[in-house]
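Numbering (the UniProt record's numbering), first residue to last: 1 to 198. Where a beta carbon is used, it is the ideal one built from N, C-alpha and C, also for glycine. Keep in mind the model is a prediction, meaning the values are calculated, not measured. Have a look at the structure below, then the notes.
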Amino acid sequence: MKKTLLCVFMTFAGLYISNAQSEDSGVEFGIKAGANISSTVGSKFRDSQKDRVAFNAGIVSEFHLSEKFSLQPELMYSGQGSQVVRTDAQDVELKLDYIQLPVLAKFYFVKDFSSIELGPQVGYKIKEDLSVDGIASDDRVRDLDLSLALGFTYEFKNGIFISARYNHGMIDILDETYLLGAVYKKNTVIQVDLGFMF
Numbered sequence: 001m002k003k004t005l006l007c008v009f010m011t012f013a014g015l016y017i018s019n020a021q022s023e024d025s026g027v028e029f030g031i032k033a034g035a036n037i038s039s040t041v042g043s044k045f046r047d048s049q050k051d052r053v054a055f056n057a058g059i060v061s062e063f064h065l066s067e068k069f070s071l072q073p074e075l076m077y078s079g080q081g082s083q084v085v086r087t088d089a090q091d092v093e094l095k096l097d098y099i100q101l102p103v104l105a106k107f108y109f110v111k112d113f114s115s116i117e118l119g120p121q122v123g124y125k126i127k128e129d130l131s132v133d134g135i136a137s138d139d140r141v142r143d144l145d146l147s148l149a150l151g152f153t154y155e156f157k158n159g160i161f162i163s164a165r166y167n168h169g170m171i172d173i174l175d176e177t178y179l180l181g182a183v184y185k186k187n188t189v190i191q192v193d194l195g196f197m198f
């Protein structure tokens, strides 16, 4: 199932870009990739976590509705998770891979170049690696995640752009919260990306 989803993602990415419309239509398409600095937050362990540094990549579309406003759906792969030291001295390592679908409202405060974006993001888990003191314990994380994204983008005249974004989880990701000893656990991710709009 997970391999099938990855194949669908890659196929859709190719079709999405190859069928890109002209700029005159008000629709743009692009690609981007970069780094994630991710963690999980809950009622405990705020001072005992180690962030996970991982990779993100995907495709971007932008529907221009006016000079200063557009909608930006994306389809992204995102590596997330963290390492936690529990109060009973057990090490918990959580690595999660998601396919993310953000749908962002984008506001240009410098015409055609600088923008801020805000919107919801739905994630589907395609891989989970959870271990307690090196012993694997999978299928403890829910398949679906929901987060709120806030970011900034600067686009150069040649179509290259850089972006920074913060994603904050809105729902508990754990099926069994006792496993990490917290009342709840949510994803948080800082993303820095380099991309190109066609």
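Based on the DSSP secondary-structure assignment, which residues constitute the bridge partners of Ile-160?
Here residue 160 corresponds to residue number 160 of the sequence shown, with the count starting at 1. Ile-160 is bridged to Phe-196.
Can you tell me whether Lys-50 is buried or exposed? The criterion is at least 16 other CB atoms within 10 Å of its CB, across all chains shown.
As a first step, residue 50 is located in the sequence shown; it is residue number 50 there, counting from the start. Per the 10 Å Cβ criterion, exposed.
Same chain, Cβ closer than 6 Å to Lys-127, neighbours up to 5 away in sequence not counted
Within the sequence shown, the letter at position 127 stands for residue 127. Excluding sequence neighbours, Lys-127 sits near Asp-97.
Label Met-170 either buried or exposed according to how many other C-beta atoms from any shown protein chain fall within 10 Å of its C-beta, with 16 as the threshold for buried.
On the sequence shown, residue 170 is found 170 positions in, with the first residue counted as 1. When all chains shown are included, Met-170 counts as exposed.
Would you mind working out which of Phe-161, Arg-140, Gly-123 sits nearest Glu-188, comparing C-alpha positions?
Taking the sequence shown and counting its residues from 1, the one referred to as residue 188 is at position 188. The residue you asked about is not Glu; residue 188 is Thr in the sequence shown. Among Phe-161, Arg-140, Gly-123, the Cα nearest to that of Thr-188 belongs to Gly-123.
Compare the beta carbon distance of Lys-68 and Tyr-108 with 7 Å and say whether it is the shorter of the two.
What you label residue 68 is simply residue 68 of the sequence shown in a count that begins at 1. What you label residue 108 is simply residue 108 of the sequence shown in a count that begins at 1. Their beta carbons are under 7 Å apart, which means Lys-68 touches Tyr-108 by this criterion.
Alpha carbons only, please: which of Arg-140, Glu-74, Ile-99, Gly-159 is nearest the one belonging to Phe-198?
Here residue 198 is taken as the residue at index 198 of the sequence shown, counted from 1. Of Arg-140, Glu-74, Ile-99, Gly-159, the residue nearest in Cα terms is Gly-159.
With Ala-149 and Gly-119 assumed to form a contact (beta carbons below 8 Å), what rounded beta-carbon distance in angstroms separates them?
Walking along the sequence shown from the start, residue 149 turns up at place 149. Walking along the sequence shown from the start, residue 119 turns up at place 119. Ala-149 to Gly-119, Cβ: 6 Å. Contact.
Pairwise C-alpha distance: Val-141 and Gln-21:
In the sequence shown, counting from the first residue as 1, residue 21 sits at position 21. In the sequence shown, counting from the first residue as 1, residue 141 sits at position 141. For Gln-21, the predicted structure reports a pLDDT of 46, less than 50, and the residue's modelled location is therefore unreliable. The matter cannot be settled from this model.
Cα-Cα separation, Glu-74 to Asp-139
Locating residue 74 in the sequence shown gives position 74, where the first residue counts as 1. Locating residue 139 in the sequence shown gives position 139, where the first residue counts as 1. Cα to Cα, Glu-74 sits roughly 27 Å from Asp-139.
Own chain partners of Asn-36 with C-beta closer than 8 Å, once the 5 adjacent residues on each side are dropped
As a first step, residue 36 must be located in the sequence shown, where it is residue number 36. Hits under 8 Å: Arg-52, Val-53, Ala-54, Phe-55, Asn-56, Ser-78, Gly-79, Gln-80, Val-189, Ile-190, Gln-191.
For residue 209, I'd like the list of residues in its chain whose CB is within less than 7 Å of its CB, leaving aside the five on either flank, ordered along the chain.
Given that the chain is displayed from residue 1 to residue 198, the structure contains no residue 209 and the question cannot be resolved.
Could you tell me which residues DSSP pairs with Lys-106 in its beta bridges?
Numbered from its first residue, the sequence shown carries residue 106 at position 106. According to DSSP, Lys-106 bridges with Ser-70, Glu-117.
Spatial distance of Glu-93 from Asp-133 (CA atoms)
Within the sequence shown, numbered from 1, the residue matching residue 93 stands at position 93. Within the sequence shown, numbered from 1, the residue matching residue 133 stands at position 133. Going by the C-alpha atoms only, they are around 8 Å apart.
Rounded straight-line distance, which links the Cα of Asn-167 to that of Leu-101
Here residue 101 refers to the residue found at position 101 when the sequence shown is read from its first residue. Here residue 167 refers to the residue found at position 167 when the sequence shown is read from its first residue. Looking at the two C-alpha atoms, the distance is approximately 12 Å.
Give me the residue from Val-110, Ile-116, Met-76 with the minimum Cα distance to Lys-125.
Within the sequence shown, residue 125 is the residue found at index 125, counting from 1. For the residues Val-110, Ile-116, Met-76, the minimum Cα distance to Lys-125 belongs to Met-76.
Taking just the CA atoms, how far does Leu-144 sit from Phe-29?
Counted from its first residue, the sequence shown places residue 29 at position 29. Counted from its first residue, the sequence shown places residue 144 at position 144. If I take the Cα positions, the gap works out to 26 Å.
Own chain residues within Cβ distance below 6 Å of Glu-62, not counting five before or after
Taking the sequence shown and counting its residues from 1, one reaches residue 62 at position 62. These residues qualify, in order along the chain: Glu-28, Ser-70, Gln-72.
Thinking C-beta only, is Ile-162 closer than 7 Å to Leu-130?
On the sequence shown, residue 130 is found 130 positions in, with the first residue counted as 1. On the sequence shown, residue 162 is found 162 positions in, with the first residue counted as 1. It is not a contact, given that the beta carbons lie outside the stated cut-off.
Identify, in the order they occur along the chain, each residue of the same chain with its Cβ nearer than 6 Å to the Cβ of residue 202, setting aside the five sequence neighbours on each side.
Here the chain has residues from 1 to 198 only, and residue 202 is not among them.
How long is the line joining the alpha carbons of Val-103 and Glu-155, rounded to whole angstroms?
Residue numbering aside, residue 103 sits at position 103 when the sequence shown is read from its first letter. Residue numbering aside, residue 155 sits at position 155 when the sequence shown is read from its first letter. If I take the Cα positions, the gap works out to 19 Å.
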